[in-house]
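*Asks:* I have a structure I would like to understand better, so I am pasting it below and will then ask my questions one at a time.
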Amino acid sequence: MVTETTDAKTSTTTNQPPKPKLMPLLCGAGVIVLAILLCVVFSGSGDITIETETALKRIVEQEKLSTAEFTYNSIAVIADEKGKELCHVAYEGTVKAGFDFSALNVTQKNKTIIVHLPEITISSVNVDNELDYIFVKERYNTEDFYAKARATCQADLEEKAKSSEALFATARTSAIDTLTALMTPLAQKLEKDGYTIEIQYVEE
Amino acid sequence: MKRLLTILLVVACIATLACSCKDNSAVPTETEIRAICELATIRSYYNNVAKETKEKDTIFQKKREMWIEYEGYADLGVDMQEVSMKLSGNTVTVTIPAAKVLEVGIVDDTLTEDSYVMSADGFLFKNKITTEEQQEAIQKAQAKMEEAVSGNTALLAQAQNRAKSIIENYIRQLGQAAGTEYDIVWKDTN
């Protein structure tokens with residue numbers, strides 16, 4: 000626009016044509032630029048959060064977001080009805096933890112899209128069939144002991160997994176890493192439009 | 000009108016100058032990339048039981064069983080010494096090894112008196128489990144756990160991807176500062 004104006008001025012000096020009315024032209028150009036800017040700013044900006052949320056859920060559903068798996072080998076105590084210790088049982092267990100992707104929530108703050116990661120939940124707890132025993136007294140080792148021991152170990156692991164801070168912290172990190180990796184193309188697309196994506200855990 | 004044109008010209012010049020004021024010193028370096036790799040380590044926790052059987056030396060003694068429960072961790076990442084970088088024009092070639100287990104350890108305070116379970120000893124003829132034997136049991140359990148984590152390809156891939164992601168972010172940011180869009184080429188050391 001500056002170049003055109005200079006050209007116009009040059010031609011005025013050499014050929015003496017009628018003086019161009021620059022002010023209305025500039026105003027017109029200004030109005031057009033403003034209109035374009037408004038279109039850019041408001042076009043779909045209200046929908047970007049919903050679009051991002053939908054796209055994210057689609058990505059996550061397709062990938063079935065891998066949940067983190069943990070080795071949880073532990074020892075359970077088996078006692079009788081009166082609470083007297085009968086045996087210690089060592090078991091090998093695995094715990095799977097992840098988050099419910101249907102609860103994924105997206106909000107927007109200016110040009111930042113915030114993905115709120117839902118609470119981490121334990122999806123499965125499994126105790127291996129092979130158990131080791133240390134009986135307080137050998138006579139407690141009865142034929143039907145295995146079934147009782149297996150059930151006790153399963154309940155023990157469920158309880159321990161629920162209260163394991165390390166397990167939840169690792170699951171959280173793993174979920175954030177996985178989500179970041181999954182949404183990289185989406186983040187790059189949004190970045191081109193001037194948006195940035197942040198992942199926040201529900202407690203943050 | 001002249002004043003308006005002058006203002007427009009000045010604004011245009013300032014904008015052009017501002018855009019051309021790039022940080023030319025902002026180029027990726029191998030040292031920085033190696034430092035980033037150190038930060039990209041993933042720590043994975045696990046719960047484990049170390050087991051040891053102490054055989055009897057005489058027929059009067061009892062065979063003993065000992066278990067020690069503890070919480071451990073494994074740090075996974077790429078060996079930064081094996082990471083290299085070459086800058087050719089706008090192309091950054093980063094050579095990165097596969098992730099591996101860098102360290103395994105025991106979480107502090109998880110080894111307490113309650114962690115130990117031992118089968119009963121003989122009444123007269125003792126078969127004591129020494130402190131050294133207890134430590135040996137833990138070392139064996141840790142080695143076994145390291146082997147298990149080393150075989151977890153999903154976790155190792157996650158660690159390498161994390162390192163790549165952080166390096167890429169670093170290069171992109173430098174590119175933005177320098178007004179250059181770098182192309183990143185990844186090469187495996189294997």
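The listed protein sequences derive, respectively, from chains A and B. Each residue of the first sequence is one higher than the one before, counting from 0 in numbering that gives the first Met the number 0. Each residue of the second sequence is one higher than the one before, counting from 0 in numbering that gives the first Met the number 0. C-beta: ideal position from N, C-alpha, C; glycine also.
Given 8 Å as the limit, is there contact between the stretch 94–103 of chain B and the stretch 73–84 of chain B, that is, 3 or more CB pairs closer than that?
*Replies:* yes
*Asks:* Under a three-way DSSP split, which group does B/Q60 fall into?
*Replies:* The DSSP-derived three-state label of B/Q60 is coil.
*Asks:* For A/I175 versus A/V114, is the C-beta spacing smaller than 7 Å?
*Replies:* no
*Asks:* Can you pull the chain A residues whose beta carbon is under 9 Å from the beta carbon of B/S164, in chain order?
*Replies:* D176, T179, A180, T183
*Asks:* B/W66 CB to nearest chain A CB: under 7 Å?
*Replies:* yes
*Asks:* Within 7 Å (strictly less), CB to CB, does B/S149 reach chain A?
*Replies:* no
*Asks:* Inspect the CB distances between the stretch 114–127 of chain B and the stretch 51–63 of chain B and report whether three or more fall short of 8 Å.
*Replies:* yes
*Asks:* Looking at the structure shown, is A/N109 part of a helix, part of a strand, or coil, going by DSSP?
*Replies:* Coil.
*Asks:* A/A102 and A/L185 - do their beta-carbons sit closer together than 7 Å?
*Replies:* With respect to A/A102, A/L185 sits apart: the two C-beta atoms are not nearer than 7 Å.
*Asks:* Kindly confirm or deny that the stretch 35–52 of chain B and the stretch 128–145 of chain B touch, where touching means at least three C-beta pairs closer than 8 Å.
*Replies:* yes
*Asks:* A/I133 CB to nearest chain B CB: under 7 Å?
*Replies:* yes
*Asks:* Can you tell me whether B/E37 is helix, strand or coil according to DSSP?
*Replies:* helix
*Asks:* Using the Cβ count rule (16 or more neighbours within 10 Å means buried), how would you classify B/W185?
*Replies:* exposed
*Asks:* Take B/S114 and list the residues in its own chain whose beta-carbon comes closer than 7 Å to its own, dropping the five residues that flank it on each side.
*Replies:* I67, E68, Y69
*Asks:* For A/F41 and A/T195, I'd like the C-alpha separation in whole angstroms.
*Replies:* Below a pLDDT of 50, predicted positions are generally treated as unreliable, and A/F41, at 40, falls in that range; no measurement from the model is reported.
*Asks:* Could you name the residues of chain B that A/I74 contacts, counting a contact when the two beta carbons are closer than 8 Å?
*Replies:* Taking a Cβ-Cβ cut-off of 8 Å, the neighbours of A/I74 in chain B comprise V48, W66, E68, V116, given in sequence order.
*Asks:* Could you name the residues that DSSP lists as bridge partners for B/S43?
*Replies:* B/A73
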